[in-house]
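Everything in the sequence shown is counted per our numbering, starting at 367 for the first residue and increasing by one.
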Amino acid sequence: MTDEQVRNPAEPIRVGVLGARGRMGVEVCGAVDAAPDMKLVATVDQGDGLSAAGAEVVVDFTTPDVVMDNLHWCIDQGINAVVGTTGFTEERLDQVRGWLARKPGVGVVIAPNFGIGAVLMMQFAARAARYFESVEIVEQHHPRKLDAPSGTAAHTARLIARARAEAGLGPAPTPRRTRCRVPGAPTSTGCGCTPSAPPGWSPTRRCCSAPPARR
């Protein structure tokens, strides 16, 4: 939202969704439609023109190859953004910070995982990192997941590496990948850390739309 736009708190937040026909995009659209304090005003997917139809906030669940262009456009338009797309390196984050420096009234949240349990796991891993000589991160996904390691695993590895550096334990080991242990389920490793879940564990895509996660 730009400086000249003043929100009426009685009005619902106008939300646009990029990647609206993807798995997570469909869930986000449903969550916005179900929320009394939000209004879905735009749904954009691959091949559609990028138009947010007066949105105050855009939620991006697209792909790493287009997310930076989407984010740059949103910031230029003065639209706040919530990004669940993966593929953000430190270089990309620095680029986003540069764009935001020129648009101080715009807010951007880039979250590798919206699940409360996943966020807590990342924080617990970072706090525990200084007490262990090595760490393994193991993850398991559905067979159609596009990115491996996932943004969650990569961000967890960065948090662990940062915590180890702050504790004076030296640089993190070079990231590496292992072979899949479950047919059709990408498993990756990194950070001296192996980016799994127990057999039969099944995450839900609805965890990010629960009321506590929206406050």
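Here a beta-carbon is modelled for each residue, glycine too, at the ideal position from N, C-alpha and C.
Give the DSSP-derived three-state secondary structure of residue i in the structure shown.
| i | result |
| --- | --- |
| Gly382 | strand |
| Ala376 | coil |
| Thr518 | helix |
| Thr560 | Below a pLDDT of 50, predicted positions are generally treated as unreliable, and Thr560, at 41, falls in that range; the measurement from the model is reported next regardless. Reduced to three states, the DSSP call for Thr560 is coil. |
| Leu535 | coil |
| Ala467 | helix |
| Val501 | coil |
Sort the options by Cα distance to residue i and report the nearest one.
| i | options | result |
| --- | --- | --- |
| Arg530 | Pro509, Arg493, Gln506 | Arg493 |
| Val432 | Asp411, Glu499, Gly420 | Asp411 |
| Thr429 | Ile441, Arg387, Ser500, Ala467 | Arg387 |
| Asn374 | Gly483, Leu535, Glu422, Thr518 | Glu422 |
| Gly420 | Leu525, Arg380, Arg389, Val449 | Arg380 |
Start and end of the beta strand (DSSP E) containing residue i?
| i | result |
| --- | --- |
| Ile476 | 474-476 |
| Ala397 | No beta strand (DSSP E) contains Ala397, which is instead part of the alpha helix (DSSP H) from 389-400. |
| Thr409 | 404-410 |
| Asn584 | Because the chain here runs from 367 to 581, residue 584 falls outside it and cannot be looked at. |
Got a sec, what are the start and stop residues for the alpha helix (DSSP H) residue i sits in?
| i | result |
| --- | --- |
| Val433 | 430-442 |
| Ala494 | 482-494 |
Taking residue i and residue j to be in contact with their CB atoms under 8 Å, please state how far apart those CB atoms are, rounded to whole angstroms.
| i | j | result |
| --- | --- | --- |
| Val383 | Val425 | 5 Å |
| Val474 | Val462 | 6 Å |
| Met404 | Gly450 | About 16 Å; that fails the 8 Å criterion. |
Measure the alpha-carbon distance for residue i versus residue j and round it to whole angstroms.
| i | j | result |
| --- | --- | --- |
| Ile476 | Arg458 | 11 Å |
| Trp439 | Thr409 | 16 Å |
| Pro402 | Val394 | 14 Å |
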